[in-house]
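Chemist: Okay, here's the structure, questions in a sec.
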Amino acid sequence: MLNLAAVTNVLSVKQIKSIVGAQDTPQIALWSGAVSSGKTIASLLAFLCALATAPTTGLVVVVGRTLQTIERNLIDPLQSPELFGGLAQQVIHTTGSTTATILGRTVHLVGASDTRAEGRIRGSTVALAYVDEATLVPYSFWMMLLSRLRVAGARLLATTNPDGPGHWLRREFILRAGDVGMRHWHFTLDDNPSLEADYVERLKTQYTGLWHRRFIEGAWVLAEGAVYDAWNPAKHVVKTLPRITQWIATAVDYGTTNPFHAGILGLGADGYLYLTHEWRYDSKTSRRQLTDVEYSARMRAWLASAPVPGTDMVGLAPRYTVVDPSAASFRLQLHEDGIRSVLGDNEVLPGIRTVASLLATYRLFIHESCTGLIEEFPGYSWDPTRAERGEDAPIKVADHGLDMLRYAVHTTRQTWHARLAPARLDLAA
Numbered sequence: 117m118l119n120l121a122a123v124t125n126v127l128s129v130k131q132i133k134s135i136v137g138a139q140d141t142p143q144i145a146l147w148s149g150a151v152s153s154g155k156t157i158a159s160l161l162a163f164l165c166a167l168a169t170a171p172t173t174g175l176v177v178v179v180g181r182t183l184q185t186i187e188r189n190l191i192d193p194l195q196s197p198e199l200f201g202g203l204a205q206q207v208i209h210t211t212g213s214t215t216a217t218i219l220g221r222t223v224h225l226v227g228a229s230d231t232r233a234e235g236r237i238r239g240s241t242v243a244l245a246y247v248d249e250a251t252l253v254p255y256s257f258w259m260m261l262l263s264r265l266r267v268a269g270a271r272l273l274a275t276t277n278p279d280g281p282g283h284w285l286r287r288e289f290i291l292r293a294g295d296v297g298m299r300h301w302h303f304t305l306d307d308n309p310s311l312e313a314d315y316v317e318r319l320k321t322q323y324t325g326l327w328h329r330r331f332i333e334g335a336w337v338l339a340e341g342a343v344y345d346a347w348n349p350a351k352h353v354v355k356t357l358p359r360i361t362q363w364i365a366t367a368v369d370y371g372t373t374n375p376f377h378a379g380i381l382g383l384g385a386d387g388y389l390y391l392t393h394e395w396r397y398d399s400k401t402s403r404r405q406l407t408d409v410e411y412s413a414r415m416r417a418w419l420a421s422a423p424v425p426g427t428d429m430v431g432l433a434p435r436y437t438v439v440d441p442s443a444a445s446f447r448l449q450l451h452e453d454g455i456r457s458v459l460g461d462n463e464v465l466p467g468i469r470t471v472a473s474l475l476a477t478y479r480l481f482i483h484e485s486c487t488g489l490i491e492e493f494p495g496y497s498w499d500p501t502r503a504e505r506g507e508d509a510p511i512k513v514a515d516h517g518l519d520m521l522r523y524a525v526h527t528t529r530q531t532w533h534a535r536l537a538p539a540r541l542d543l544a545a
């Protein structure tokens, strides 16, 4: 076994027990619980220990939602000397490559974002597997991966944040741990001794409602009630806008029979995000559907006439035009009209989590003129029927402005994240 003291300066008792215990696990070792609770570092140390003694027959695979998340969540930490000391030099990987060399062993990096990923391991023999964020991996892929552990001593190590109580990972594996050869360790923020108190407090502030119970408390709970339970129109809706230092995006949720809803996102001089303008067209109330040509012309006219806050000028040209991924024909029309657009990031739950965090920390505000968007917030709720089936999804009713907001904020997060001001904790009081 590797010398744990040589690769990290601080480990909690629970982390050490999980690392040691994972080496004696019959087949599946799972770390679950709160964000930043130390489960990933513990599981990676356990993975390195397991890799050093893994059967030489069979593949070693590391699985994540995408290759990019594997690189960000796993490879980058493993290559950090601050975390893993001299062992970091034995983790060799070229960005974008589907393999890495770790402790001299070839490791295959497998993205498993949908059921098609099952074919990437079909027919393989796996000696050791590591799965990042197991609740996000398709059930069929997980079961196929287990069936590939065909050599003596083959094991699977995995981490996850909690999901709904009906999720297959909890229902079929955690609750039946003894029957399926699993050992499970549950972590909370208090199990990570390396966290500073102010960082813990900041995390607790950033997550609200469902996300707080799952990612801070580490509970497997249903998605129920309001999606944006931190929404407070008395605080989030503003009458006066600050000077906007960067017009980040025009975002569009496209509709023909459903409403077409566009909005403009800007970063204020105060360091906070503002949804400053909106344009909405509802064919049902207007009694006429518009073509892509007409939508493009009207949207461009709206941008050209949009007032610049605090000035007598009109006309806005945000850096990005973010469009609903399903609106392929509209994107083509924009291109023909000289507007380059980008696909909106349509990972619904991560997008909702980004917006919810900004609302909870009072770093996203809506101008009072955006009445269509403001009216949608109170009724945006989790679907209880799907929650009972272990699925997290909002009810798809009156959500076009909220989808637009999610596209605007989540798709452009790398643009504004580093420039965002601290949380407005005074407003949270």
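FYI, the numbering for the sequence shown is 117 to 545, going by our numbering.
All C-beta atoms in this analysis are idealised placements derived from N, C-alpha and C, irrespective of residue type, glycine included.
Tell me, please, whether the segment 316-327 touches the segment 180-191 by the rule of three or more beta-carbon pairs shorter than 8 Å.
Modeler: The segment 316-327 vs the segment 180-191: no contact.
Chemist: Between the beta-carbon of Ser153 and the beta-carbon of Thr304, is there less than 7 Å?
Modeler: Cβ distance < 7 Å, so Ser153 and Thr304 count as in contact.
Chemist: Determine the extent of the alpha helix (DSSP H) in which Ala158 is found, giving its start and end residues.
Modeler: Looking at the DSSP string, the run of the alpha helix (DSSP H) that includes Ala158 is Lys155 to Thr169.
Chemist: Give me, in chain order, the residues of the same chain whose beta-carbon lies closer than 7 Å to that of Ala170; leave out the 5 immediate sequence neighbours on both sides.
Modeler: Here the set comprises Val176, Ala243 and Leu244.
Chemist: Just to confirm before moving on: does the CB-CB distance between Arg540 and Tyr478 stay below 7 Å?
Modeler: Yes; because the gap between Cβ atoms is below 7 Å, this pair is in contact.
Chemist: My guess is that Glu492 and Asp515 are in contact by the Cβ rule of under 8 Å, so how many angstroms apart are they, rounded?
Modeler: 6 Å between Cβ atoms; contact.
Chemist: Give the DSSP-derived three-state secondary structure of Arg456 in the structure shown.
Modeler: Coil at Arg456, not helix or strand.
Chemist: Answer yes or no: do Ala274 and Val296 have a C-beta to C-beta separation smaller than 7 Å?
Modeler: For Ala274 and Val296, no; Cβs fall outside 7 Å.
Chemist: From Thr366, Pro510 and Asp542, pick the residue whose C-alpha is nearest to that of Val458; which is it?
Modeler: When each option's Cα is compared against that of Val458, the closest is Thr366.
Chemist: Buried or exposed: where does Asp307 fall if 16 or more other Cβ atoms within 10 Å of its Cβ makes it buried?
Modeler: Buried.
Chemist: Which class does Tyr323 belong to by DSSP, given the choice of helix, strand or coil?
Modeler: Residue state, collapsed to three classes: coil.
Chemist: Run the CB neighbour count on Val438, radius 10 Å, all protein chains shown included, and call it buried at 16 or more, exposed below.
Modeler: Buried is the call here.
Chemist: Tell me whether the beta-carbon of Thr222 lies closer than 7 Å to the beta-carbon of Pro254.
Modeler: No, the pair does not count as a contact, with Cβ atoms beyond the cut-off.
Chemist: According to DSSP, is Gln184 helix, strand or coil?
Modeler: Helix.
Chemist: For the beta strand (DSSP E) containing Trp558, name the first residue and the last one.
Modeler: Since the first and last residues shown for the chain are 117 and 545, residue 558 lies out of range.
Chemist: Which class does Asp314 belong to by DSSP, given the choice of helix, strand or coil?
Modeler: In the structure shown, Asp314 sits in a helix (DSSP, three-state: H, G or I).
Chemist: Measuring only the C-alpha atoms, how far is Arg502 from Ala509?
Modeler: Using only the alpha carbons, I get a separation of about 7 Å.
Chemist: Of all the options Ala413, Glu507 and Tyr388, which has the alpha carbon lying nearest to the alpha carbon of Ala537?
Modeler: Considering only alpha carbons, the answer is Tyr388.
Chemist: Note down, in chain order, each residue of its chain lying with its Cβ closer than 7 Å to the Cβ of Pro441, except the 5 sequence neighbours on either side.
Modeler: Here the set comprises Leu459, Gly460 and Asn462.
Chemist: Helix, strand or coil for Trp363, going by three-state DSSP, please let me know.
Modeler: Trp363 falls in the strand class under three-state DSSP.
Chemist: Relative to the alpha-carbon of Gln184, which residue among Thr215, Gly384, Gly488 and His533 has its alpha-carbon at the smallest distance?
Modeler: Among Thr215, Gly384, Gly488 and His533, the Cα nearest to that of Gln184 is on Thr215.
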